[in-house]
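Quick note on this note's numbering: the sequence shown kicks off at 85 and runs consecutively.
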Amino acid sequence: MSLVGQDIRIDRIRREDVQAIVELDAVHTGKDKSEWWQKRLEPLFSARGDELTIGYVARFEEQVIGYILAEGRAWEFGSPLCGWIVAIGVHPQHSRQGVALNLTRKVCRKFRDLGIDTVRTMVRKDDVQVLSFFRASGFHAGPFIELELEL
């Protein structure tokens, strides 16, 4: 179904959106990560409000068709405060229709409003579709290389 010209709303994630996000994430990962999502989204709903945790959903006809979760953080190794896109997903029926781009732009505007001028993310090097999306959105290789050690 094409969403061109359709009314897609980008809203802050609400507590009642969590299950839809978990289900949409499972479409992409094949896993139920309810606990992970509950933990990651809780700062959005807490009374003290963490302004550096940012989450939006894309809605079409009141259904969640996409999500993005991001946070501002400074890591060890000398990295200044920057934005990180932690997770992004769009229902396969609505992919390649600008939903992810609109979610990404919304997060980038919010980070800019917070005085953050760099946004980063990590992508599997063999995930061509996601890499292509981020590159088309203006992202490029950053100054860090991720290293790992299997134990």
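From the three backbone atoms N, C-alpha and C, an ideal C-beta is built for every residue, glycine too.
Out of Asp201, Phe218, Arg157 and Arg208, the CA that lies nearest to the CA of Val183 is found in Phe218. A contact between stretches requires three or more CB pairs, one per stretch, nearer than 8 Å, and the segment 201-218 meets this requirement with the segment 163-180. When DSSP states are grouped into helix, strand and coil, Glu135 belongs to the coil group. A Cβ-Cβ separation of about 6 Å places Ala142 in contact with Ile94 under the 8 Å criterion. Only residues of its own chain outside the window of five on either side were considered, and among them Ile97, Thr137 and Gly139 have a CB closer than 7 Å to the CB of Leu128, listed in chain order.
Between His112 and Gly150 the beta-carbon gap is near 11 Å, outside 8 Å, which marks them as no contact.
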